[in-house]
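J.:
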Amino acid sequence: MEFKVPTMAELMAAGEEPEILFWVGCAGSYDERAQKITRDICKILHHVGIKYAVLGTEESCTGDPAKRAGNEFLFQMQAMTNIEVLNAYNIKKIVTGCPHCFNTIKNEYPGLGGTYEVIHHTQLIQDLINEGKLKAEGGESFKGKKITYHDPCYLGRGNGIYEAPRKALEILDAQLVEMKRCKSNGLCCGAGGAQMFKEPEKGNKDINVERIEEALQTNPQVIAAGCPFCMTMLSDGIKLKDKEQEVKVMDIAEITARANGL
Amino acid sequence: MVAQILFLVLTLAAIALFTVNLRKIIRNIRLGKPVDRHDQPQKRLMTMLRVAFGQSKMVVRPIPAFLHFFVYIGFVIINIEVLEIMIDGLFGTHRIFNGLGGLYNFLIGSFEILAFTVWVSCAIFLIRRNILKLKRFSGVEMKSWPKSDANYILITEILLMSAFLFMNAADAKLQLLGASHYVNAGAFPVSQYLINLLPSSESALLIVERSCWWFHIIGILAFLNYLPYSKHFHILFAFPNTYFSNLEPKGEFTNMASVTNEVKAMLDPSFVPAETEPGKFGAKDVTDLSWVNLMNAYTCTECGRCTSVCPANITGKLLSPRKIMMDTRDRITEVGQNIDKHGAEHQDGKSLLDDYISREEIWACTSCNACVEACPVNIDPLQIIMELRRFAVMEESQAPGSINAMMGNIENNQAPWKYSPADRFNWAQES
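First to last, the sequence lines map onto chains A and B.
Taken in order, the first sequence gives residues 1 to 262; the numbers are from this note's numbering.
Taken in order, the second sequence gives residues 1001 to 1431; the numbers are from this note's numbering.
1. How many Å lie between B/Ala1048 and B/Phe1239 at the Cα?
2. From A/Ile238 to A/Glu246, what distance separates their C-alpha atoms?
3. For B/Asp1039, does the count of other Cβ atoms within 10 angstroms reach 16, so buried, or fall short, so exposed?
4. Drop a sphere of 10 angstroms on the beta-carbon of B/Asp1268, count the other beta-carbons inside from all chains shown, and report buried for 16 or more, exposed for fewer.
5. Out of A/Ile41, A/Val48, A/Leu262 and A/Gly28, point me to the one whose CA is closest to A/Thr57's CA.
6. Span of the beta strand (DSSP E) holding A/Thr96?
7. Give a yes or no on contact between the region 114 to 127 of chain A and the region 154 to 165 of chain A, applying the rule of three or more CB pairs nearer than 8 Å.
8. Short of 9 Å Cβ to Cβ, which residues in the region 1315 to 1343 of chain B face chain A?
9. Pop quiz: A/Met12 and A/Cys42 are said to be a contact at Cβ under 8 Å. What is the actual Cβ separation, rounded to whole angstroms?
10. Consult DSSP for A/Lys106 and reduce its assignment to one of helix, strand or coil.
11. Under 7 Å between the Cβ atoms of A/Arg33 and A/Ala194?
12. Between A/Gly138 and the rest of its own chain, which residues show a CB-CB distance below 7 Å, the 5 nearest in sequence each way excluded?
13. Scan the region 1348 to 1377 of chain B for residues whose Cβ lies nearer than 9 Å to a Cβ of chain A and list them as they occur along the chain.
14. Using 7 Å as the threshold, is the C-beta distance between A/Leu55 and A/Ala66 below it?
15. Under 7 Å between the Cβ atoms of B/Phe1244 and B/Thr1299?
16. Counting only beta-carbon atoms, is A/Ile212 nearer than 7 Å to chain B?
17. So with CB distances below 7 Å, who are the chain B contacts of A/Lys67?
18. Is A/Arg258 close to chain B? Criterion is C-beta to C-beta, closer than 7 Å.
19. Under DSSP, the alpha helix (DSSP H) around B/Asp1171 begins and ends at which residues?
20. At 4 residues or longer, and completely inside the region 1206 to 1279 of chain B: list those alpha helix (DSSP H) runs for me, N to C.
21. Pull up the distance between the alpha-carbon of A/Glu214 and that of A/Leu172, whole angstroms please.
22. In terms of residues, what are the limits of the beta strand (DSSP E) holding A/Met250?
23. So B/Ala1013 is in the alpha helix (DSSP H); what residue range does that whole segment cover?
24. Tell me whether B/Trp1119 sits in a helix, a strand or coil according to DSSP, three-state version.
25. Any Cβ of chain A within less than 7 Å of the Cβ of B/Arg1210?
26. Should the region 1184 to 1198 of chain B be called in touch with the region 1103 to 1117 of chain B, which here means at least 3 C-beta pairs below 8 Å?
27. Considering only residues of the same chain and omitting the five flanking positions on each side of A/Leu128, which have a CB-CB separation below 7 Å?
28. With 8 Å as the limit, tell me which residues of the region 195 to 207 of chain A have their beta carbon closer than that to any beta carbon of chain B; keep them in chain order.
29. Can you give me, in chain order, the residues of the region 14 to 40 of chain A that have a beta carbon less than 7 Å from any beta carbon in chain B?
30. Compute the beta-carbon to beta-carbon distance between A/Leu169 and A/Gly226, rounded to the nearest angstrom, for a pair I have assumed lies under 8 Å.
31. Per the DSSP calculation, A/Thr57 is bridged to which residue(s)?
32. Would a C-beta distance cut-off of 7 Å place B/Phe1164 and B/His1216 closer than the cut-off?
33. With a cut-off of 8 Å on the beta carbons, I'd call A/Lys92 and B/Pro1400 a contact; round off their distance for me.
34. Within its chain, find whatever has a CB closer than 7 Å to the CB of A/Leu112; leave out the 5 residues flanking it on each side and keep chain order.
35. Would the region 1327 to 1342 of chain B count as touching the region 1350 to 1357 of chain B if we require 3 or more Cβ pairs under 8 Å?
36. Just tell me which of A/Cys98, A/Arg39 and A/Met196 has its CA closest to the CA of A/Val5.
Here is the structure:
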């Protein structure tokens, strides 16, 4: 990174408070592919001059996969520990890079004593575009490129956010094509509900293969994603179909960072 | 007079039998755990008006939505006709609403058109199910009773509508003949074409008219009593079911209050939890589910829109959200029958999990909410799946091995993968 990513602990030591906390999430922290997205989100925040911070090593799993797997104990242990940390730092607003963290903190933490304004990074990007702070200039041109967007379940159906990621793509002057199953009818990538961490039950095919076949029917140059788990599943699908050279799977944050030359 | 008494007895018997069965179903629903769904009455009312009355979620599939709309409107509007039949039946009158004049002709005319569109729609539905064999209507759970149930309903509706139209045709012909008692009333835009099929003697026409009249009303009373045994129950339960449906974002899962107490006590030894009844975590059987889950089960009309969008089912896995709902209904019905036969304390040694729904089914779910989104009457199969998972994980510690590993990692490393918490911020050091 060309700049230092500030942590909450540092800001607190300096007697400062950030405008927004960037909740990175486990995938964003450890998964190599997702780390790139994490850094791009930081680049966007840095570029537009928003005062932000991350928790760094003080961050912990939100408990989402434990909850979806049925382990409410583990979920609440994680949630309450996280809420203590967040409340201790007097956090008001959170941006996440993962729809699962987003959903959990936004919807399930308030009942356990943690109420914050939570947005997903595509919503942040939408706001920045609306405010004219992000323009899709000075970087790679996506003009005329065929892009299809895959709705993450926990962003789309789970929380009704369909427009923000599309808004971030519209500014590119690209050729946007929708898959047959999109928006509220979108097909899962196959990773949700803790499926990411287990082998799928036996069937005719894996869900991510079904999804990638549908995505490929649109003949895209880019498949846009908004979730690190979708990213893994879609990328695996593309590898399986041996289409890595022709089709790129990219997060909305990556596309935005590239289009702005960040 | 004999006819009037017979009519009164039949009607009362039908209503009594229906009431007994309806009360049993309500009793069964109340076997579920309490959950408060009485908040935000205005929003709930709007949801019911939009989804149940307004059929807003049907339009996703335009062809069945169009056909279903006619059947639905027919059902709602023809109840006015049934009201007239009831009064005529009880008081021995004929076409009592005749006094409405032009409006009456308009009403009868529109009933006829609706009866015809219902007839045609049901015929097309039968073709879709039995000749075109749409994938949505097949599946492992759509054998035997569920399959014939759908056909019985459609055939009954066709017969009822036919009786209604032939009754009108005979009536119209009797009116033309100037038969006494058959006052000139009504407009017959559809049944006028049936007149030539009917006999010309007044006595034969009287037999046709009365037979159709009795067939129509007895059919309706019989159909009413068929509902509690059938998937067709949705014509009543769609309304409360949408009213009491979940208004929170679909991604939000319940935070179990019983767990909150224990976790608070673990994190803070000085915390004194409020007295709560010891219960089990999650659901093994239907009585561990909430009453809303059970009402959902009675509302399900087995249309299969949930299953047709389920990513697990699409890719050939065992999970079918429709089967989850049907299993839940079958099991709660069985529990209810046990209570009727052997008393409330009787245990039959069976449970929803394992005897009806297998582990393989519940672990195939991606919790994507596609089934919940697709349901035209706001049924939530996902919540039942989650409750069963909660039981498997928290009561039995019976999760798949890899899920246990993931949970172990969260406990020990604060991430679902086995990485050191100290490395969590390493991403910031690389370019």
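From the three backbone atoms N, C-alpha and C, an ideal C-beta is built for every residue, glycine too.
T.: Looking at the atomic coordinates:
1. According to the sequence displayed, residue 1048 of chain B carries Met and not Ala. Taking the straight line from one Cα to the other gives about 6 Å.
2. 9 Å
3. exposed
4. exposed
5. A/Gly28
6. Lys93 to Thr96
7. yes
8. Thr1315, Gly1316, Lys1317, Leu1318 and Leu1319
9. Going by Cβ atoms, the distance from A/Met12 to A/Cys42 rounds to 19 Å, so no, they are not a contact pair.
10. helix
11. no
12. Asn260 and Gly261
13. Glu1360, Glu1361, Ile1362, Trp1363, Ala1364, Cys1365, Thr1366, Ser1367, Cys1368, Asn1369, Ala1370, Val1372, Glu1373 and Ala1374
14. no
15. no
16. no
17. Phe1253
18. no
19. Ser1144 to Leu1177
20. 1234 to 1243 and 1257 to 1267
21. 23 Å
22. Lys248 to Asp251
23. Val1002 to Ile1029
24. helix
25. no
26. yes
27. Val48 and Leu134
28. Gln195, Met196, Phe197, Lys198, Glu199, Pro200, Glu201, Lys202, Gly203, Asn204, Lys205, Asp206 and Ile207
29. Cys26, Ser29, Tyr30, Gln35, Thr38 and Arg39
30. Not really, about 10 Å apart at Cβ, beyond 8 Å.
31. DSSP, once it has assigned bridges, lists no residue as partnering A/Thr57.
32. yes
33. Contact doesn't hold; Cβ gap of about 39 Å is too wide.
34. Gln76, Ala79, Met80 and Ile83
35. yes
36. A/Arg39
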